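What follows is a set of notes on a single structure, which appears directly below.
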Amino acid sequence: QGLIRNECVNDGTAASGHEIRSVDLLEDYLRVPGVELKRYEPQPGRASLVLRVEGTDPKARSLHYMGHTDVVPVTPSGWQRDPFAGELVDGVVWGRGAIDMLDVTASMAVAVKRLLASGFRPKGTLIYSAVADEEALGTFGAQWLTENEWDAVRADFLVTEFGGTRLPVAGAPKLPIMTAEKGSQWTRLRVKGTPGHGSMPYQADNALIKAGEIIARIGKYKAPLRLHDLWKRFVEGLELPAAARLALTNAKTFDVALDRAPDGTVPMFYSATRTTFSPNMARAGVKLNVIPDSAEIDIDIRTIVGDDGDGVRRMLRDAIGETLWKDVEIVAEGSNPATESPLRSPLWDTLTSVSQKLVPGAETIPFLIVGATDARFFRRKGVTAYGYGLLSGRIPFREFAKLFHGNNERIDQESLRLSTELWEQTARAFLS
262 QGLIRNECVN
272 DGTAASGHEI
282 RSVDLLEDYL
292 RVPGVELKRY
302 EPQPGRASLV
312 LRVEGTDPKA
322 RSLHYMGHTD
332 VVPVTPSGWQ
342 RDPFAGELVD
352 GVVWGRGAID
362 MLDVTASMAV
372 AVKRLLASGF
382 RPKGTLIYSA
392 VADEEALGTF
402 GAQWLTENEW
412 DAVRADFLVT
422 EFGGTRLPVA
432 GAPKLPIMTA
442 EKGSQWTRLR
452 VKGTPGHGSM
462 PYQADNALIK
472 AGEIIARIGK
482 YKAPLRLHDL
492 WKRFVEGLEL
502 PAAARLALTN
512 AKTFDVALDR
522 APDGTVPMFY
532 SATRTTFSPN
542 MARAGVKLNV
552 IPDSAEIDID
562 IRTIVGDDGD
572 GVRRMLRDAI
582 GETLWKDVEI
592 VAEGSNPATE
602 SPLRSPLWDT
612 LTSVSQKLVP
622 GAETIPFLIV
632 GATDARFFRR
642 KGVTAYGYGL
652 LSGRIPFREF
662 AKLFHGNNER
672 IDQESLRLST
682 ELWEQTARAF
692 LS
C-alpha cells in the first residue's frame, strides 16, 4: 500500500518517476544490522535500492530478486477507486502498480525481511533490488546498474516480473514461468505535408489526415506468424485436447484456433506469436487555422525473436503501403532485441518444487512475456532470468490480463501471501 501511495509515476521524462520515495520506504523497512543496503541515483530522484546478503561460499550459486518501483500514468476518471490510495477492500488492494509490479516488489521485500529476521545465512549470495525507470525501458534503473555497477547486481540467476497466473484451462493449475520476452523497437514516424490556411481544406496536403490513414493501416496490419519452439512447448504444456493443440501449432489452422482459445487468452496468444505494432501517440499542428505540414506518430513495436532492425522496418513499410510511405520519415527508433533463457535450470526446478507445495497439483510451463522487463539487461550478460510470481486465481484471468496499465488495477491478499511464501521458500531451498 505504501508503494502505491508513493505515486512514482513514470511518464517517460527524466524528471518524472520520483522513485526515491519508495527507496526511502524500502530502506527503512529492510534496514538490519550487518546487511549491506545501498542506493544508486544516476538522475536526481531516480533512485534504485540494492540489498546484498553475502553467501558463506563464494563458489555457490547466487540469486537476485528484482522489482521495480515506478508505475505508468493513470486516467482517474476511469477508476472505481482512487488509483493512489492503496485501499484494501474485501481482501483486495487497489491502486496503480498493484500488479505491475509493486505486488512483486513488496512481496519480495517482505520475504527478504523474514529471511533476515530468522538469521538466514545462505551459501550463495542473495540480492534484492528495487529499481527505477522500468516503465521507460530502464535508462535510470536496471540498464544503468548493469552498465555502471555490475558487481553490485551480478548474480547467476534472477527472478523478476511476471508469471504464475493461473491459465483458464481444464485440469491441474497451469503456472507459466516466463523464460523469454519479446523485444521492443519503439519507433517515431514523421509524416510530411504542406502548410496552408485552415479555411481551404479541399485538396490540401494535410499531414494529420495522412497520419490518420497511416494509423488505421498499422492498426489493421498482421505481421507474419511465428510458431516458434517456445510457443509449441507452451501449447503442449497446456494439455489441451489433441485437435486444439494441433490447430494452435499449425500455421494453416492457427487463426481459426486462436478465436476458439480459452477465455481471455486471445490477445496474449496473438502477441506471443507475432511482432506487433500499436500506434499509441500522435501529435500535429501549430495553430487551429493552419493546415499542418508535419505530424508525428509513436508506435509501440514488440518483436518476436528473429524479428528486428531492417526486418521490422520492412513490415512497417508493408503496413503503410508505398503511396503513403514516400511521405514518411523514421525520426527515432529504439533497439531492444528479444531475449530468452534456458527452459530448464536449477532455478526452474526450485520454483516448480516450491510452487507445487504451495499450490498442490500445479504444473509449471514455459512461456514468454509479451511486454518488456528489466530481465533483458541481465540475460544479455549471461544471467538465467525468469519472470514469475504466484497468484491465487481470485481475479479471473480474462479480467486480470486487462489490468496491466489499465483501469482498476488491483491484487488480492492471498496472491500476496502466496508470492511472499514463494520467494522465502525458494531462497532457502536454492541458496542452501
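Residue numbers (my numbering): 262 to 693. Beta carbons are placed, not taken as given, at the ideal position from N, Cα and C, and that holds for glycine. This structure is a prediction, so every number in the text was calculated from the model and none was measured.
Comparing C-alpha positions only, which one of the options sits nearest to residue i?
i: residue 649; options: 508, 556, 424 and 551; result: 424
i: residue 561; options: 547, 580, 578 and 540; result: 540
i: residue 328; options: 505, 312 and 480; result: 312
i: residue 585; options: 466, 419, 279 and 457; result: 466
i: residue 272; options: 422, 397, 683 and 542; result: 397
i: residue 603; options: 575, 502, 614 and 641; result: 641
i: residue 322; options: 534, 663 and 644; result: 644
i: residue 730; options: 411, 394, 294 and 326; result: The question about residue 730 has no answer here: the residues shown for the chain are numbered 262 through 693.
i: residue 394; options: 419, 483, 276 and 346; result: 276
i: residue 557; options: 317, 381, 489 and 470; result: 470
i: residue 316; options: 498, 383, 444 and 629; result: 383
i: residue 599; options: 610, 533 and 282; result: 533
i: residue 669; options: 290, 339 and 262; result: 339
i: residue 314; options: 373, 274 and 285; result: 373
i: residue 496; options: 350, 581, 675 and 628; result: 628
i: residue 529; options: 631, 545, 547 and 520; result: 631
i: residue 296; options: 498, 376, 285 and 349; result: 376
i: residue 676; options: 660, 689, 654 and 647; result: 654
i: residue 573; options: 613, 482, 674 and 281; result: 482
i: residue 489; options: 518, 554, 601 and 548; result: 601
Here's the rule: buried if 16 or more other CB atoms are within 10 angstroms of the residue's CB, otherwise exposed. What is residue i?
i: residue 591; result: exposed
i: residue 463; result: exposed
i: residue 551; result: exposed
i: residue 305; result: exposed
i: residue 364; result: buried
i: residue 392; result: buried
i: residue 356; result: buried
i: residue 542; result: exposed
i: residue 633; result: buried
i: residue 404; result: buried
i: residue 492; result: buried
i: residue 267; result: buried
i: residue 458; result: exposed
i: residue 341; result: exposed
i: residue 461; result: exposed
i: residue 685; result: buried
i: residue 480; result: exposed
i: residue 511; result: exposed
i: residue 336; result: exposed
i: residue 455; result: exposed
i: residue 408; result: exposed
i: residue 452; result: buried
How is the beta strand (DSSP E) around residue i delimited, first residue to last?
i: residue 418; result: 418-421
i: residue 451; result: 448-453
i: residue 703; result: Past the edges of the chain, shown from 262 to 693, lies residue 703, and the structure says nothing about it.
i: residue 304; result: 297-304
i: residue 308; result: 307-314
i: residue 630; result: 624-630
i: residue 556; result: 555-564
i: residue 324; result: 324-329
i: residue 656; result: Segment: none, residue 656 is in no beta strand (DSSP E) and carries neither H nor E.
i: residue 648; result: 645-648
i: residue 317; result: No beta strand (DSSP E) holds residue 317; DSSP gives it neither H nor E.
i: residue 338; result: Note, residue 338: premise wrong, no beta strand (DSSP E); not H, not E.
i: residue 537; result: 537-545
i: residue 615; result: Element bounds for residue 615: not the beta strand (DSSP E) but the alpha helix (DSSP H), 607-619.
i: residue 594; result: 589-594
Taking residue i as part of the alpha helix (DSSP H), name the residues at either end of that continuous run.
i: residue 682; result: 674-692
i: residue 636; result: 636-640
i: residue 252; result: Since the displayed the chain opens at 262 and closes at 693, residue 252 lies outside it and no answer follows.
i: residue 459; result: Residue 459 -> no alpha helix (DSSP H), and no H or E assigned at all.
i: residue 278; result: First-last for residue 278: undefined, no H or E at that position.
Our contact map puts residue i next to residue j with C-beta atoms below 8 Å; I'd like the distance itself, whole angstroms only.
i: residue 310; j: residue 324; result: 17 Å between Cβ atoms; not a contact.
i: residue 330; j: residue 269; result: 5 Å
i: residue 389; j: residue 362; result: That pair is no contact at about 14 Å.
i: residue 486; j: residue 535; result: 6 Å
i: residue 413; j: residue 406; result: 7 Å
i: residue 594; j: residue 448; result: 5 Å
i: residue 353; j: residue 637; result: Not quite, the Cβ-Cβ distance comes to about 31 Å (not below 8 Å), so this is no contact.
i: residue 303; j: residue 401; result: 5 Å
i: residue 211; j: residue 418; result: Past the boundaries of the shown model lies residue 211; the chain is included only from 262 to 693, so the question cannot be answered.
i: residue 427; j: residue 658; result: 7 Å
i: residue 626; j: residue 437; result: 6 Å
i: residue 518; j: residue 503; result: Wrong, their Cβ atoms sit about 12 Å apart, outside the cutoff.
Does the distance between the C-beta of residue i and the nearest non-hydrogen atom of the ligand ZN fall short of 7 Å?
i: residue 577; result: This structure lacks the ligand ZN, and indeed carries no ligand of any kind.
Kindly say whether residue i, judged by its beta-carbon, lies nearer than 8 Å to any beta-carbon of chain D.
i: residue 335; result: Of the protein chains in this structure there is only one, and it is not chain D.
Next on the checklist: Just to confirm the assignment: which complete alpha helix (DSSP H) runs, minimum length 4, are found wholly within the segment 481-535?
Outcome noted: 490-499, 503-509, 515-520 and 527-533
Next on the checklist: Please give me, in chain order, every unbroken run of the beta strand (DSSP E) with length at least 3 that falls completely inside the segment 356-443.
Outcome noted: Segments of the beta strand (DSSP E) lying fully in the segment 356-443: 387-392, 418-421 and 435-442.
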